[in-house]
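Numbering (the numbering used here), first residue to last: 26 to 331. Each residue gets a CB set at the ideal place from its N, CA and C atoms; glycine is no exception.
1) Classify residue 302: buried if its beta carbon has 16 or more other beta carbons within 10 angstroms, exposed otherwise.
2) Please name the residue or residues paired with residue 253 in a DSSP beta bridge.
3) Does residue 108 come out as helix, strand or coil in the three-state DSSP assignment?
4) Going along the chain, which residues of its own chain have a beta-carbon closer than 7 Å to the beta-carbon of residue 281, five neighbours each way excluded?
5) Would you decide whether residue 31 is buried or exposed? Buried here means 16 or more other CB atoms lie within 10 Å of its CB.
6) Confirm, please, whether the CB-CB distance from residue 90 to residue 74 is below 8 Å.
7) Taking just the CA atoms, how far does residue 181 sit from residue 189?
8) By DSSP, does residue 27 sit in helix, in strand, or in coil?
9) Determine which residues share a DSSP beta bridge with residue 209 and list them.
10) In terms of residue numbering, what span does the alpha helix (DSSP H) encompassing residue 262 cover?
11) Should residue 212 and residue 197 be called a contact, given that it needs their Cβ atoms to be closer than 8 Å?
12) Give me the Cα-Cα distance between residue 97 and residue 179, rounded to the nearest whole angstrom.
13) Identify which residue in 165, 204, 49 has its Cα closest to the Cα of residue 279.
14) Which residue's Cα is closest to the Cα of residue 65: 256, 57, 146?
15) Since I believe residue 136 is in contact with residue 104 (beta carbons under 8 Å), could you give me their beta-carbon distance rounded to a whole number of angstroms?
16) For residue 283, which residues of its own chain have a beta-carbon under 8 Å away from its beta-carbon, when the five flanking residues on both sides are left out?
17) If you draw a straight line from the alpha carbon of residue 295 to that of residue 121, how long is it in whole angstroms?
18) Give a yes or no on contact between the segment 167-176 and the segment 108-124, applying the rule of three or more CB pairs nearer than 8 Å.
19) In the DSSP assignment, find the beta strand (DSSP E) that holds residue 122 and state where it starts and stops.
20) Count the CB pairs spanning the segment 300-318 and the segment 107-117 that are closer than 8 Å, and state whether there are at least three.
21) Name the one or two DSSP bridge partners that residue 272 has.
22) What residue from 146, 218, 217 has the CA that sits closest to residue 118's CA?
23) Specify the secondary structure class of residue 154 as computed by DSSP and reduced to three states.
24) Exposed or buried, which one is residue 285 when buried takes at least 16 other CB atoms within 10 Å?
25) Tell me whether the beta-carbon of residue 263 lies closer than 8 Å to the beta-carbon of residue 255.
26) Return the first residue and the last residue of the beta strand (DSSP E) that residue 322 is part of.
27) Considering Cα atoms alone, identify which of 206, 100, 266, 244 is closest to residue 225.
Here it is, written out as structure tokens:
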């Protein structure tokens with residue numbers, strides 16, 4: 026039998042006299058979730074007895090919220106694909122995604138995605154839930170991805186994203202020698218005309234802001250190693266912005282980069298920072314460069330001309 030997601034609290038003096046609805050909304054449970062609980066097999070209990078959201082809370086009561094079991098979409102196929110899980114608890118997964126793997130299935134790649142792999146992992150541990158991707162990466166970008174295990178956790182973390190509390194830091198290699206030691210690129214991004222994939226800087230695009238910092242310059246190879254911190258999360262943002270200032274990512278042939286050294290964009294999400302939705306403490310994770318980017322780093326570092 027599928028195990029539901031459950032949250033529990035003991036009511037303190039500060040919350041005495043509040044309605045259950047008010048208390049739950051203060052803890053990030055949305056109106057949609059409350060409706061879902063009411064209509065689809067969830068429950069709200071006080072000391073083990075069913076109550077409505079109009080119940081007035083008293084100090085010392087135990088409030089239990091049982092969420093309906095999430096049924097994953099029938100179109101999502103569980104696959105037994107190895108995962109590099111950096112962190113896991115009852116609420117979230119942090120996964121180091123390899124390059125050449127979609128985050129979610131697409132028409133071109135309906136299987137083999139991170140979501141398919143997570144579904145297979147859930148099946149193996151007996152968890153009935155749908156993977157909720159918080160921080161998506163392009164197919165050929167490697168690095169850390171944050172996954173919420175349940176819809177409610179997804180809601181909380183998505184709100185954090187909107188408030189810029191979920192932060193990511195990337196390592197990248199770009200073509201040419203970046204003159205400034207650090208900088209900020211503010212340029213709106215929109216869909217390129219006549220393309221469903223490519224994005225471009227466009228006056229009518231969405232606001233986008235990217236910060237970068239030079240790590241090392243390799244003059245003989247005409248490559249710069251940069252650390253990149255996107256303030257917004259537009260599709261292909263780092264790739265578009267770096268190409269916009271004349272420094273496309275190494276290997277990124279979609280945006281003008283050469284694949285002489287690398288057969289994919291040299292972009293890796295190395296650091297992830299967010300506020301844990303239950304423990305309410307800052308979580309920070311980092312992973313080293315993958316082998317192909319380490320090799321590129323070695324090729325560049327061995328260069329006597331830098």
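A quick look at the data gives this:
1) Taking the chain shown and counting its residues from 1, the one referred to as residue 302 is at position 277. Buried, because 16 or more other Cβ atoms sit within 10 Å of the Cβ of residue 302.
2) For the purposes of this step, residue 253 is identified with residue 228 of the chain shown, where counting begins at 1. Paired residues: 195, 237.
3) The residue given as residue 108 occupies position 83 in the chain shown. Of the three classes helix, strand and coil, the one that applies to residue 108 here is coil, per DSSP.
4) If you number the chain shown from 1, residue 281 lands on position 256. Closer than 7 Å at Cβ, skipping near neighbours: 268, 273.
5) The residue labelled residue 31 in the question sits at position 6 within the chain shown. With fewer than 16 other Cβ atoms within 10 Å, it is exposed.
6) Reading the chain shown from its first residue, position 49 is the one you call residue 74. Reading the chain shown from its first residue, position 65 is the one you call residue 90. In this structure, residue 90 does not lie closer than 8 Å to residue 74 by Cβ.
7) Within the chain shown, the letter at position 164 stands for residue 189. Within the chain shown, the letter at position 156 stands for residue 181. Going by the C-alpha atoms only, they are around 13 Å apart.
8) Here residue 27 refers to the residue found at position 2 of the chain shown. Residue state, collapsed to three classes: coil.
9) Indexing the chain shown from 1 puts residue 209 at position 184. Answer is 236.
10) Position 237 of the chain shown, counting from 1, holds the residue named residue 262. From DSSP, the alpha helix (DSSP H) with residue 262 extends over 262-269.
11) Numbered from its first residue, the chain shown carries residue 212 at position 187. Numbered from its first residue, the chain shown carries residue 197 at position 172. The answer is no: Cβ separation not under 8 Å.
12) Counting from 1 along the chain shown, the entry for residue 97 is found at position 72. Counting from 1 along the chain shown, the entry for residue 179 is found at position 154. Near 14 Å, if we compare the C-alpha coordinates of residue 179 and residue 97.
13) What you label residue 279 is simply residue 254 of the chain shown in a count that begins at 1. Considering only alpha carbons, the answer is 165.
14) As a first step, residue 65 is located in the chain shown; it is residue number 40 there, counting from the start. The shortest C-alpha separation from residue 65 is found at 57.
15) As a working mapping, residue 104 is identified with position 79 in the chain shown. As a working mapping, residue 136 is identified with position 111 in the chain shown. Indeed, because the Cβ distance is near 6 Å, the residues count as touching under 8 Å.
16) Stepping through the chain shown from its first residue, residue 283 is reached at position 258. Closer than 8 Å at the Cβ level, and outside the excluded window around residue 283, lie 200, 275, 276.
17) The count along the chain shown starts at 1 and reaches residue 295 at position 270. The count along the chain shown starts at 1 and reaches residue 121 at position 96. The straight-line gap from Cα to Cα measures roughly 9 Å.
18) yes
19) For the purposes of this step, residue 122 is taken as the residue at position 97 of the chain shown. That run of the beta strand (DSSP E) goes 117-122.
20) yes
21) Within the chain shown, residue 272 is the residue found at index 247, counting from 1. Its beta-bridge partners do not exist; DSSP assigns none.
22) To locate residue 118, count along the chain shown from 1; it is residue 93. When only C-alpha atoms are compared, the closest one is 146.
23) Reading the chain shown from its first residue, position 129 is the one you call residue 154. Note: residue 154 maps to coil in three-state DSSP.
24) Looking up residue 285 in the chain shown gives position 260. So residue 285 counts as exposed.
25) As a first step, residue 263 is located in the chain shown; it is residue number 238 there, counting from the start. As a first step, residue 255 is located in the chain shown; it is residue number 230 there, counting from the start. Yes; because the gap between Cβ atoms is below 8 Å, this pair is in contact.
26) Taking the chain shown and counting its residues from 1, the one referred to as residue 322 is at position 297. Not the beta strand (DSSP E): residue 322 falls in the alpha helix (DSSP H), residues 316-326.
27) The residue labelled residue 225 in the question sits at position 200 within the chain shown. Closest by alpha carbon: 266.
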